[in-house]
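Numbering (full-length UniProt numbering), first residue to last: 1 to 416. Ideal Cβ positions, reconstructed from N, Cα and C, are used throughout, including at glycine. A short write-up of the structure that comes next.
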């Protein structure tokens, strides 16, 4: 016997029993205790997060819906299936099953499409918090799964369910929901426009858009429920807000678990955990939202709705940006060649007076707008024309005021 020292107990007991090479095991033919020793918890205690956090618990319920098995991760142990279970009081609980148990339940549902009432028992689950709501998830190979098994607990649940079934629940088929992975990535392949940083530095209107950029910085001394990041592409840098839901997809750890590690290390709450540094210098595809708040308050710190590091998606978006850049350069060249006379300088960001300029708006990012680049090019061309044509024809220099006396024209003498 020894005291549990890792802070987490599978059974909730403070001590653990260890067997060594000297231990002797004998079969007991007259055991009178429970075979599996289930410790079921109420669904509401999981949803409201009042169940034990530092130990495992068990649940029993019938499946009302599920999403197909997700296998996008190259590591098989991270393949998962999401279920919604209902108890006898019709309270719904979301459960995520990983690894071999995920394949087990997926195969059962695939091979038994006509079975409407599928009751499962899951032993040794952990609490998972998603968007402030408690859920249950399996824990590697520790979790045990019983699917419509001929055991006392499942048979008793089915009998009670039939007695309480006033709405024909047991006759309703199980709902198959859309794959979460496909619906998530569909946002990157939908109708959202693809933008670069220099195009969205000012929140002119509400919109959702796609962006490809690298995380270059994580700002400190801000609340923990958000991760304020700076991202950069080839046109500039801008600030975005990453919430815990999306960060968990990248870090594979919840804010609650991260906070425990942070506190155990004695680090200051004013600083973000070192674990977040793994996000730096990595390129992602973002679905970003410019909200009504951004527009009304002229705030250009936008919210990240979706984020992915899937190279097929990121590469496809980068190819589109490259194509857009080539087309933009081609159009600019055609426009310059077709102009017989260089047009007056287009005012962009600055208001020009005499030979000085004054900023008319505050540029809060490091991005350079395409119109400013074009304006600089035209100003350079006009300066060349000024040298040839004189100051009076220059659009970038103030014309000299008349003094009332005309300067006589000097005619050079020619030597014979």
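Using a 10 Å radius around the Cβ and a threshold of 16 neighbouring Cβ atoms, would you call residue 288 buried or exposed? Against the chain shown, residue 288 aligns to sequence position 288. Label assigned to residue 288: buried.
Taking the alpha helix (DSSP H) that residue 295 belongs to, which residues open and close that run? Locating residue 295 in the chain shown gives position 295, where the first residue counts as 1. Residues 292-296.
With distance defined between alpha-carbon atoms, name the residue in 56, 94, 22 nearest to residue 44. Locating residue 44 in the chain shown gives position 44, where the first residue counts as 1. With distances taken between Cα atoms, residue 44 lies closest to 94.
Inter-residue spacing [alpha-carbon to alpha-carbon] between residue 159 and residue 87: The count along the chain shown starts at 1 and reaches residue 159 at position 159. The count along the chain shown starts at 1 and reaches residue 87 at position 87. In a straight line, the C-alpha of residue 159 is about 13 angstroms away from that of residue 87.
Neighbour-count burial assignment, residue 31, 16 or more Cβ in a 10 Å radius: Residue 31 sits at position 31 when you count from the first residue of the chain shown. Exposed.
Find out if the Cβ-Cβ distance for the pair residue 63, residue 120 is shorter than 8 angstroms. Indexing the chain shown from 1 puts residue 63 at position 63. Indexing the chain shown from 1 puts residue 120 at position 120. Result yes, Cβ atoms of residue 63 and residue 120 sit closer than 8 angstroms.
Using the Cβ count rule (16 or more neighbours within 10 Å means buried), how would you classify residue 293? Within the chain shown, the letter at position 293 stands for residue 293. Residue 293 comes out exposed.
Can you check DSSP and say which residues form a bridge with residue 92? Looking up residue 92 in the chain shown gives position 92. For residue 92, which the question treats as bridged, DSSP gives the partners 86.
With DSSP as the reference, please indicate the residues paired to residue 130 in a beta bridge. One-based indexing of the chain shown puts residue 130 at position 130. DSSP output for residue 130 lists 133 as bridge partner(s).
What are the boundary residues of the alpha helix (DSSP H) that residue 252 is part of? Within the chain shown, residue 252 is the residue found at index 252, counting from 1. That residue, residue 252, is in no alpha helix (DSSP H); it is neither H nor E in DSSP.
Under a Cβ-count criterion, where at least 16 other Cβ atoms within 10 Å of its own Cβ denotes burial, should residue 380 be classed as buried or exposed? Sequence index remark: in the chain shown, residue 380 carries index 380 (1-based). Low per-residue confidence applies at residue 380: pLDDT is 48, beneath 50, and the placement is therefore not dependable, though the value from the model is reported in the following sentence. By the neighbour-count rule (16 or more Cβ atoms within 10 Å), residue 380 is not buried but exposed.
For residue 210, three-class secondary structure by DSSP: The count along the chain shown starts at 1 and reaches residue 210 at position 210. Looking at residue 210 - three-state DSSP - the assignment turns out to be strand.
Would residue 387 be called buried (16 or more neighbouring beta carbons within 10 Å of its own) or exposed? The sequence position of residue 387 within the chain shown is 387, counting from 1. Unreliable placement is indicated for residue 387, whose pLDDT of 42 sits below 50; the coordinate value is still reported in the next sentence. The residue in question, residue 387, is exposed, as its Cβ has fewer than 16 Cβ neighbours within 10 Å.
Would DSSP call residue 299 helix, strand or coil? Working through the chain shown from its first residue, we reach residue 299 at position 299. Residue 299: coil per DSSP, three-state reduction.
Paired residues, beta bridge with residue 242 - DSSP: Stepping through the chain shown from its first residue, residue 242 is reached at position 242. Beta-bridge pairing links residue 242 to 227.
Per DSSP, residue 114 is paired with what? As a first step, residue 114 is located in the chain shown; it is residue number 114 there, counting from the start. According to DSSP, residue 114 bridges with nothing at all.
Per DSSP, which one or two residues make a beta bridge with residue 190? Sequence index remark: in the chain shown, residue 190 carries index 190 (1-based). In DSSP, residue 190 forms no bridge with anything.
Assess contact between the stretch 146-165 and the stretch 106-126, defined as three or more Cβ pairs (one per stretch) separated by less than 8 angstroms. Is contact present? yes
Taking the straight line between their C-alpha atoms, what separation do you get for residue 264 and residue 258? For the purposes of this step, residue 264 is taken as the residue at position 264 of the chain shown. For the purposes of this step, residue 258 is taken as the residue at position 258 of the chain shown. If you take the alpha carbons of residue 264 and residue 258, they lie about 10 angstroms apart.
Cα separation between residue 205 and residue 80? Taking the chain shown and counting its residues from 1, one reaches residue 205 at position 205. Taking the chain shown and counting its residues from 1, one reaches residue 80 at position 80. Their Cα atoms are separated by approximately 39 angstroms.
Given 8 angstroms as the limit, is there contact between the stretch 101-118 and the stretch 52-71, that is, 3 or more CB pairs closer than that? yes
Quick one: give me the first and last residue of the alpha helix (DSSP H) that residue 164 is part of. Residue numbering aside, residue 164 sits at position 164 when the chain shown is read from its first letter. Counting along the chain, the alpha helix (DSSP H) containing residue 164 begins and ends at 152-164.
For residue 45, report the span of its beta strand (DSSP E) as first-last. To locate residue 45, count along the chain shown from 1; it is residue 45. Per DSSP, residue 45 belongs to no beta strand (DSSP E); it is in the alpha helix (DSSP H), 43-47.
If we ignore side chains and look at the alpha-carbon of each, how far apart do residue 136 and residue 54 end up? Locating residue 136 in the chain shown gives position 136, counting from the first residue. Locating residue 54 in the chain shown gives position 54, counting from the first residue. Computed Cα separation, rounded: 13 angstroms.
Have a look at 148, 187, 173 and flag the residue whose alpha-carbon is nearest the alpha-carbon of residue 314. For this step, residue 314 is matched to residue 314 along the chain shown. The shortest Cα separation from residue 314 among 148, 187, 173 belongs to 187.
Roughly how many whole angstroms lie between the Cα atoms of residue 173 and residue 291? Here residue 173 corresponds to residue number 173 of the chain shown, with the count starting at 1. Here residue 291 corresponds to residue number 291 of the chain shown, with the count starting at 1. The straight-line gap from Cα to Cα measures roughly 40 angstroms.
In terms of DSSP beta bridges, what is residue 287 paired with? By one-based count along the chain shown, residue 287 stands at place 287. DSSP lists 210, 306 as partners of residue 287.
Along the chain, where does the beta strand (DSSP E) that runs through residue 25 open and close? Your numbering for residue 25 matches position 25 in the chain shown. Note, residue 25: premise wrong, no beta strand (DSSP E); not H, not E.
Given 7 angstroms as the limit, tell me if residue 36 has its C-beta closer than that to any heavy atom belonging to the ligand NAP. In the structure shown, the ligand NAP is absent, as is every other ligand, since no ligand is present at all.
Taking the alpha-carbon positions, what's the residue 424 to residue 212 distance? Past the boundaries of the shown model lies residue 424; the chain is included only from 1 to 416, so the question cannot be answered.
Of all the options 261, 266, 38, which has the alpha carbon lying nearest to the alpha carbon of residue 145? Sequence index remark: in the chain shown, residue 145 carries index 145 (1-based). Residue 38 is the option with its Cα nearest to residue 145.
Top-ranked residue by Cα proximity to residue 111, from 15, 320, 147: Locating residue 111 in the chain shown gives position 111, counting from the first residue. Taking the Cα of residue 111 as reference, the smallest distance to any Cα among 15, 320, 147 is reached at 147.
Look up residue 381 in the DSSP assignment and say whether it is helix, strand or coil. On the chain shown, position 381 is the one that residue 381 refers to. Confidence at residue 381 is low in this model, with a pLDDT of 42, below 50, so the placement of that residue should be treated as unreliable; the coordinate-derived value is given next. The answer is helix: DSSP assigns residue 381 an H, G or I state.
Beta-carbon proximity check, residue 215 vs residue 284, cutoff 8 angstroms: Position 215 of the chain shown holds residue 215. Position 284 of the chain shown holds residue 284. Between residue 215 and residue 284, the C-beta spacing is below 8 angstroms.
For residue 195, does the count of other Cβ atoms within 10 angstroms reach 16, so buried, or fall short, so exposed? Position 195 of the chain shown holds residue 195. Burial state of residue 195 is buried, judged by a 10 Å Cβ sphere holding 16 or more other Cβ atoms.
Rounded to whole angstroms, what's the CA-CA distance from residue 117 to residue 241? Just pull it up for me. Start at 1 with the first residue of the chain shown, and residue 117 comes out as number 117. Start at 1 with the first residue of the chain shown, and residue 241 comes out as number 241. When only Cα atoms are considered, residue 117 and residue 241 end up about 43 angstroms apart.
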